[in-house]
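In my numbering, the protein residues as written are 4 to 142.
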């Protein structure tokens with residue numbers, strides 16, 4: 004899905020940055036911008052901007068993602084991309100599923116760089132993930 008505007012300067016409305024403590028009013032405004040995968044039009048500017056941002060990212064972070072085929076298809080690219088490192092939560096997933104996901108991620112996101120891509124999955128809640136890895140993912 005989408006959690007509001009991907010760009011650093013909002014077109015309109017409030018942007019809550021990582022680590023910022025929003026007010027209740029801010030939360031209501033940004034929550035109204037959340038869209039699920041099925042709500043996104045894959046020909047929309049939002050989706051094209053999403054693809055562009057991901058293609059240019061060196062690090063991706065997946066939180067509560069599920070890694071199901073429908074979601075992973077969002078990360079198949081026609082062009083080579085910059086992704087070298089992936090972090091994600093795998094809360095309460097089996098070891099077999101985690102191994103499968105670790106194999107699928109590089110082949111899906113960046114097949115050219117798959118052998119050297121670092122995939123760091125953690126069996127944690129999103130809150131635990133941020134508590135334990137906020138410094139690493141913000142570098």
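C-beta atoms are modelled at their ideal positions from N, C-alpha and C, and glycine is treated no differently. None of the values given here were measured: they were computed from a predicted structure.
Opposing strand residues paired with residue i [DSSP bridges]
i: residue 135; result: None; residue 135 has no bridge partner.
i: residue 88; result: 62 and 121
Residue i versus residue j: straight-line alpha-carbon distance, rounded
i: residue 86; j: residue 135; result: 22 Å
i: residue 128; j: residue 72; result: 21 Å
i: residue 103; j: residue 93; result: 12 Å
i: residue 28; j: residue 98; result: 41 Å
i: residue 48; j: residue 18; result: 18 Å
i: residue 101; j: residue 113; result: 18 Å
i: residue 131; j: residue 125; result: 10 Å
i: residue 137; j: residue 64; result: 11 Å
i: residue 33; j: residue 58; result: 25 Å
i: residue 133; j: residue 81; result: 31 Å
i: residue 105; j: residue 96; result: 12 Å
i: residue 76; j: residue 30; result: 29 Å
i: residue 36; j: residue 139; result: 28 Å
i: residue 66; j: residue 60; result: 16 Å
Beta-carbon proximity list for residue i, same chain, < 7 Å, skipping 5 on both sides
i: residue 68; result: 74 and 91
i: residue 9; result: With a pLDDT of only 45 at residue 9, under 50, the local geometry of the prediction cannot be trusted, and the value read off the model is given with reservation. So the list reads 52, 53 and 56, once near-sequence residues are dropped.
Close beta carbons around residue i, own chain, < 8 Å, minus the five adjacent residues each side
i: residue 109; result: 89, 116, 117, 118, 120 and 122
i: residue 23; result: none
i: residue 107; result: 70 and 75
8 Å contact criterion, which residue i and residue j should meet: CB distance rounded
i: residue 78; j: residue 26; result: Incorrect: roughly 33 Å between the Cβ atoms, too far for contact.
Spatial neighbours of residue i in its chain, beta-carbon cut-off 6 Å, leaving aside the 5 residues before and after
i: residue 70; result: 104
i: residue 83; result: 115
i: residue 62; result: 88
- Query: At what residue ranges does the segment 15–81 contain a whole run of the beta strand (DSSP E), taking only runs of 3 or more?
  - Reply: 62–65
- Task: Enumerate, from N- to C-terminal direction, the unbroken alpha helix (DSSP H) stretches of 4 or more residues contained entirely within the segment 93–132.
- Result: 98–112
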